[in-house]
Amino acid sequence: MAALPDLTGTRYELESEIGRGGLGVVYRARDRQLDRQVALKVLESALAGEAQLIARLEHPGIVPIYEAGTLPDGRIFYAMKLVAGARLDGYLGGGPSLAERLRVIRRVGEVLAFAHARGAIHRDLKPQNVMVGAFGEVYVMDWGVDAVAGTAAFRAPEAVLDRRSDIYALGGMLAFVLPASAAPALRAIAAKAMSTDPAARYTDAPAMLADIERFQDGLAVEAWPEPLWHRWRRFGSRNAVLLWLLAAYVSVKLLLFLLRNL
Amino acid sequence: MNKILVGLLFGLIFGALDGATAWFYPEVRSMIGGIMVGSSIKGMVVGLLSGWFARKVQSTKWGVVVGGALGLLFAFLVAATDTVNGRHPYLEIMMPGFVVGAIIGFLTQRMGAPSSAKRAAE
Chain A
53 MAALPDLTGT RYELESEIGR GGLGVVYRAR DRQLDRQVAL KVLESALAGE AQLIARLEHP
113 GIVPIYEAGT LPDGRIFYAM KLVAGARLDG YLGGGPSLAE RLRVIRRVGE VLAFAHARGA
173 IHRDLKPQNV MVGAFGEVYV MDWGVDAVAG TAAFRAPEAV LDRRSDIYAL GGMLAFVLPA
233 SAAPALRAIA AKAMSTDPAA RYTDAPAMLA DIERFQDGLA VEAWPEPLWH RWRRFGSRNA
293 VLLWLLAAYV SVKLLLFLLR NL
Chain B
62 MNKILVGLLF GLIFGALDGA TAWFYPEVRS MIGGIMVGSS IKGMVVGLLS GWFARKVQST
122 KWGVVVGGAL GLLFAFLVAA TDTVNGRHPY LEIMMPGFVV GAIIGFLTQR MGAPSSAKRA
182 AE
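So, in structure tokens, the structure goes:
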């Protein structure tokens, strides 16, 4: 176990340990100067890539870095916003609705799309790295560097990770958040994103999000060639009011015709 | 296509189809052309007003209610000026007119682009 960090010479005061990741340990600390709580990540290795990576990515779904520095023992630390909320795996314990689960996945996908557009790759996307705040805000944390190999269940099989590897992990996350009763179309979206062959996955995060959106709009999804009966059922549920009104019109006409011939 | 055009188009189609059902009534079959034209115009007026309403209020429920009410009103006006075998065919015109109005009201809510002012605000 790593020794508690010596914060001498910094403006931070250690309060408690929050969690451990592949690269280091995260502590809750107090910023004496601004009198606020922060999350302080102390890296076990000399890698500072994560801080630089996140600092480049300014997005509401990425926890902002306040400051980076070096501890007296030479370890690198950085202070970031302390997010009050639950990790995605814990958040699911509260039994959120399917729409809410999909909203979280869509927010994560949007963050990925943003990062990918700036040349950044997460490399270790998993439920433990997604925080859902008290007001429903979604944060993607623990942005990876080359040394991180990903987490088995969400890691793409290819040796060299790229943007499509993040799509694989996002598919894994979708499969993870889906309840047992989830529609086959949603499972197909997750399966397509998790294809062993990277070329068979969605080309990018927006393409996957568009498929999820199509599902939510009651449209056919790209990932699932639906059977005819399912297409009819989807049409029926999507146009239920119109079908009821047309049925009412036919009924009225029949009724009038019958009354006339009585 | 904007919502008023959607209303006019579906008003024309459903009005014409509703008028065409007069073919099942031998006593008015000879006047089916005039009935279809009149019914189409009634449908288009309902469609125009429903489309205008849909541009102001985006609510499927209220679209159906307002469309139905407009259909009922204009069907009443038509029935009040018409006589078949010496009586006004209120029931025969107003009941289907109400449902056709509701259908048009529904379609104007579900289809067509909102007004340019609303698009700009979004």
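From first to last, the protein sequence lines stand for chains A and B. Count along the first sequence from 1, then add 52; that gives the number in the numbering used here. Count along the second sequence from 1, then add 61; that gives the number in the numbering used here. Quick reminder that beta carbons are idealized off the backbone N, C-alpha and C, glycines included.
Chain B contact residues for residue i, given Cβ-Cβ distances below 8 Å
i	result
A:L298	I164
A:V293	T121, V125 and F167
A:Y220	Simply none; closest approach about 34 Å.
A:Y254	Correct list: empty, because the minimum Cβ distance to chain B is about 27 Å.
For residue i, three-class secondary structure by DSSP
i	result
A:I114	strand
A:T122	strand
A:D176	coil
A:R290	helix
A:L314	coil
B:L138	helix
A:R158	helix
B:G68	helix
A:M193	coil
A:S207	Correcting the residue identity first, residue 207 of chain A is Arg in this sequence and not Ser. Three-state DSSP puts A:R207 in coil, outside helix and strand.
A:V275	Note on identity: in this sequence residue 275 of chain A is Ala, with Val being the wrong assignment. Residue state, collapsed to three classes: coil.
A:L56	coil
B:V145	strand
A:T248	coil
A:D263	helix
B:P87	helix
A:S217	helix
B:L110	helix
A:Y301	helix
A:D269	coil
B:P157	helix
A:L109	coil
A:P258	helix
A:Q104	helix
A:A199	Because the pLDDT of A:A199 is 46, which lies under 50, any placement of that residue in the model is unreliable, and the number read from its coordinates should be weighed accordingly. The answer is coil: DSSP assigns A:A199 none of H, G, I, E or B.
B:V125	helix
A:V163	helix
B:S100	helix
B:F75	helix
A:R170	coil
A:R153	helix
Nearest-angstrom Cα separation, counted from residue j out to residue i
i	j	result
A:L311	B:P87	15 Å
A:A245	A:G224	8 Å
B:A83	B:L152	14 Å
A:G113	A:E189	8 Å
A:P236	B:N146	59 Å
A:L307	A:G146	51 Å
B:G112	A:L297	18 Å
B:S101	B:F75	7 Å
B:A182	A:Q89	Note that B:A182 scores a pLDDT of 48, beneath 50, so its modelled location is shaky and nothing firm can be said.
B:T169	B:K122	12 Å
A:I70	A:A91	8 Å
A:M193	A:M183	7 Å
A:A272	A:T248	23 Å
B:F167	A:V163	37 Å
A:L222	A:E210	15 Å
B:A81	A:A242	50 Å
A:L357	A:Q180	As displayed, chain A neither begins before 53 nor continues past 314, which places residue 357 of chain A out of reach and without an answer.
A:K305	B:A77	15 Å
A:L354	A:Y254	No answer is possible for residue 354 of chain A: it lies beyond the span of chain A, which begins at 53 and ends at 314.
B:A163	B:L138	17 Å
A:L177	A:L59	30 Å
B:M62	A:F129	57 Å
B:I165	B:G68	6 Å
B:L133	A:P231	46 Å
A:D83	A:R63	6 Å
A:L56	A:Y79	10 Å
A:E67	A:V160	29 Å
B:V125	B:L73	17 Å
Interface residues of chain A facing residue i [CB-CB closer than 8 Å]
i	result
B:T82	K305
Beta-bridge partners of residue i, as assigned by DSSP
i	result
A:S233	For A:S233, which the question treats as bridged, DSSP gives no partner whatsoever.
A:K93	A:V78 and A:Y130
A:E69	A:Y79
A:Y64	A:D83
A:V184	A:A138 and A:V190
A:R88	A:D83
B:A174	B:N63
Under 7 Å from the C-beta of residue i: neighbouring residues of chain B
i	result
A:F309	F85
Under 9 Å by beta carbon: chain B residues contacting residue i
i	result
A:Y191	The contacting residues do not exist; A:Y191 stays about 27 Å from chain B at best.
A:Y143	Per Cβ cutoff of 9 Å: no residues; A:Y143 is ~30 Å from chain B at best.
Exercise for the section: May I ask you to list, following chain order, the residues of the segment 131-165 of chain B that have a beta carbon less than 9 Å from some beta carbon of chain A? Expected result: L152, E153, M156, P157, F159, V160, V161, A163 and I164
Practice task
Could you name the residues of the segment 72-105 of chain B whose beta carbon sits closer than 7 Å to any beta carbon of chain A, in the order they occur along the chain?
Solution key: Taking 7 Å as the Cβ-Cβ cut-off, the segment 72-105 of chain B approaches chain A at T82 and F85, given in chain order.
Exercise for the section: May I ask you to list, following chain order, the residues of the segment 111-122 of chain B that have a beta carbon less than 8 Å from some beta carbon of chain A? Expected result: T121
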